[in-house]
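In numbering that gives the first Met the number 0, the protein residues as written are 0 to 453.
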Amino acid sequence: MKSFAEVNESYTLAEAIQEAQRCLRCKVPQCKQGCPINNDIPDWIHELRKGNLGNAIHIIRAKSNLPAVCGRVCGHERQCEGACVLNKSGKHINIGKLERFVADFDAEAHLTHENMAPKTRGRIAVIGSGPAGITVAGDLARAGFAVEIFELEPEPGGMLMYGIPEYRLPKEVVRREIHHIEELGVIIHCNIHVGLDFTVDDLFARGFDAVFLGIGAGKPGELDVPVRVDGSHEILSSANGMLDVRHAANFLRRVMLYRMGMIGEDELDVREGDSVYIVGCGNTAIDAARSALRLGAKMVEIVYRKDIERMPALRSEYEDAIKEGVRFRWLSQIVEMRVDGTKHLREIVVESSSADGNEIVRETLPADRVLMAVGAKPSTRIANTTEGLMADEKGFIPTRELPYGMTSRKGVFAGGDVANRQATVVHAMRDAKMVAEGIAKYVDAIKLLESINK
Numbered sequence: 000m001k002s003f004a005e006v007n008e009s010y011t012l013a014e015a016i017q018e019a020q021r022c023l024r025c026k027v028p029q030c031k032q033g034c035p036i037n038n039d040i041p042d043w044i045h046e047l048r049k050g051n052l053g054n055a056i057h058i059i060r061a062k063s064n065l066p067a068v069c070g071r072v073c074g075h076e077r078q079c080e081g082a083c084v085l086n087k088s089g090k091h092i093n094i095g096k097l098e099r100f101v102a103d104f105d106a107e108a109h110l111t112h113e114n115m116a117p118k119t120r121g122r123i124a125v126i127g128s129g130p131a132g133i134t135v136a137g138d139l140a141r142a143g144f145a146v147e148i149f150e151l152e153p154e155p156g157g158m159l160m161y162g163i164p165e166y167r168l169p170k171e172v173v174r175r176e177i178h179h180i181e182e183l184g185v186i187i188h189c190n191i192h193v194g195l196d197f198t199v200d201d202l203f204a205r206g207f208d209a210v211f212l213g214i215g216a217g218k219p220g221e222l223d224v225p226v227r228v229d230g231s232h233e234i235l236s237s238a239n240g241m242l243d244v245r246h247a248a249n250f251l252r253r254v255m256l257y258r259m260g261m262i263g264e265d266e267l268d269v270r271e272g273d274s275v276y277i278v279g280c281g282n283t284a285i286d287a288a289r290s291a292l293r294l295g296a297k298m299v300e301i302v303y304r305k306d307i308e309r310m311p312a313l314r315s316e317y318e319d320a321i322k323e324g325v326r327f328r329w330l331s332q333i334v335e336m337r338v339d340g341t342k343h344l345r346e347i348v349v350e351s352s353s354a355d356g357n358e359i360v361r362e363t364l365p366a367d368r369v370l371m372a373v374g375a376k377p378s379t380r381i382a383n384t385t386e387g388l389m390a391d392e393k394g395f396i397p398t399r400e401l402p403y404g405m406t407s408r409k410g411v412f413a414g415g416d417v418a419n420r421q422a423t424v425v426h427a428m429r430d431a432k433m434v435a436e437g438i439a440k441y442v443d444a445i446k447l448l449e450s451i452n453k
């Protein structure tokens, strides 16, 4: 088994200051406009170049609850760095790496401690502790709300903890960021299944003024591919539920549970020597591919129906995957799977088309595992157990613009993936910040009306 150690190295202090000194501090900073949360990038880089790291992290945390995370996993090439004026010459400022350095330095040196605001404005329940839940909790705690998070998993962090591999995002970094949120007075309850252990209605009965749903879209999409049983005419209607066909997100979660010592090696979905094919080409697909190689797979290939220019994954992630040995099959799709008499995967049939679509090649390939990274939708348990909470046919929860993020149920808000605003970590944070403002306005208005009517 190969190492899951972080692959990208941080700057030294001298290197970080030298890189910060390259910033032009533009009057109209395109990098700031390229950042989904509008982080004051030139300002904190300016503080860094002067050696004022405490000031730098203070500026960053005014907009971001997860700087050490964003510095590692944000799509900088499509956002701040892609918008940097120096990018035209191919020499953009390495903003992500600088943000990571400042956040790590702050944590290691214990530079800053935020004052805990009095919790007098109201009580908020946050369900889910991924990027959206953490952002809502942090913003509202700073604004004077008493916030409690209810998390299904044994540890908080959501997809940051269980969905992004350690070689990209070390889990100690996630724990560190979570601890900072707790220092703001946020209380976190783990191993709680809202909708099963208790309901959203129960939370209101306990005295919470509003509830935020940040539960993500944890129910993976399905792959509708016929399965032929070897040596017979029997054809199964779908590959879903087959032992050797797994969802990439669930695979990544199991890898993390294994690394935490919570499951054994025999419970992993990929074994040493396996030939693994992955359907889809987003960042989850590439994370799964690189993780499969680390578990000892002898061959990992991503099968994607479009070309490289239209892949959702970051180009930098693709390039790293190529270096590690992941193979890519463009303009292709699996059209059939073949299993042996015990229903274990033996072969797949792949159709690949030429760029102009005029030629189609059909190949039969030996395969041990298929991992699906073909989208996701929310679990319906919370919607089904909450009176007045509407969800669409796919399980996503519609929200309104005023107050921003409120659902069909008064006082219940949603944001990020569960509200069908699926994107990256920082996009979930941006949406959550807007929802936090909506929650604050709603609770303030409700309490004002209650005081008037007394």
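Where a beta carbon is used, it is the ideal one built from N, C-alpha and C, also for glycine. Since the structure is predicted, the reported quantities are computational estimates derived from the model, not experimental observations.
#### Entry: Rounded straight-line distance, which links the Cα of Arg328 to that of Pro153
37 angstroms
### Task
Check the Cβ-Cβ distances between Ser352 and every residue of chain D, and say whether any is below 7 angstroms.
Of the protein chains in this structure there is only one, and it is not chain D.
### Query
Would you say Ala248 and Val275 are within 7 angstroms of each other, going by their C-beta atoms?
no
### Query
Count the other CB atoms within 10 Å of the CB of Val27; is the residue buried (16 or more) or exposed (fewer)?
exposed
### Query
Do Leu251 and Gly162 have their CB atoms nearer than 7 angstroms?
yes
### Task
Sort Leu242, Asn114, Phe3 by Cα distance to Thr341 and report the nearest one.
Leu242
### Task
Label Arg429 either buried or exposed according to how many other C-beta atoms from any shown protein chain fall within 10 Å of its C-beta, with 16 as the threshold for buried.
buried
### Task
Could you name each continuous alpha helix (DSSP H) segment of 4 residues or more that falls completely within the segment 49-110, going from the start of the chain to the end?
52-60, 66-72, 79-82, 94-108
### Query
Is it buried or exposed for Leu151, if we count other Cβ within 10 angstroms and need 16 for buried?
buried
### Task
Report yes if the CB atom of Ile396 is closer than 7 angstroms to the CB atom of Ala422, and no otherwise.
no
### Query
Got a sec? Which residues, its chain only, sit under 6 angstroms from Phe144 by beta carbon, not counting five neighbours each side?
Arg120, Gly121, Ile123
### Message
Using the three-state DSSP reduction, which class does Thr198 fall into: helix, strand or coil?
### Response
Looking at Thr198 - three-state DSSP - the assignment turns out to be coil, as it is neither helix nor strand.
### Message
Going by C-alpha to C-alpha distance, which of Gly387, Val334, Leu401 sits closest to Ser407?
### Response
Residue Gly387 is the option with its Cα nearest to Ser407.
### Those residues which DSSP pairs with His343 across a bridge
His343 pairs with nothing; no bridge assigned.
### Message
Does the segment 36-44 come into contact with the segment 190-208, if we say contact requires no fewer than three beta-carbon pairs (one atom in each stretch) closer than 8 angstroms?
### Response
no
### Message
Report the CB separation of Ala372 from Val278 in whole angstroms; it is logged as a contact under 8 angstroms.
### Response
The pair is a contact, with the Cβ atoms about 6 angstroms apart (cut-off 8 angstroms).
### Task
Alpha carbon to alpha carbon, how far is Ile301 from Ala284? Give it in angstroms, no decimals.
8 angstroms
### Query
Counting along the chain, where does the beta strand (DSSP E) carrying Ser274 start and finish?
274-278
#### Entry: Residue closest to Cys22, alpha-carbon to alpha-carbon, out of Ser9, Glu5, Lys49
Lys49
### Query
What are the boundary residues of the beta strand (DSSP E) that Ile333 is part of?
Element bounds for Ile333: 331-338.
### Query
Would you call the segment 56-65 and the segment 89-104 in contact, with 3 or more CB pairs under 8 angstroms?
yes
### Residue burial classification, Gly260 (beta-carbon count within 10 angstroms, cutoff 16)
Under a 10 Å Cβ-count criterion, Gly260 is classified as exposed, with fewer than 16 other Cβ atoms of the shown protein chains found around its own Cβ.
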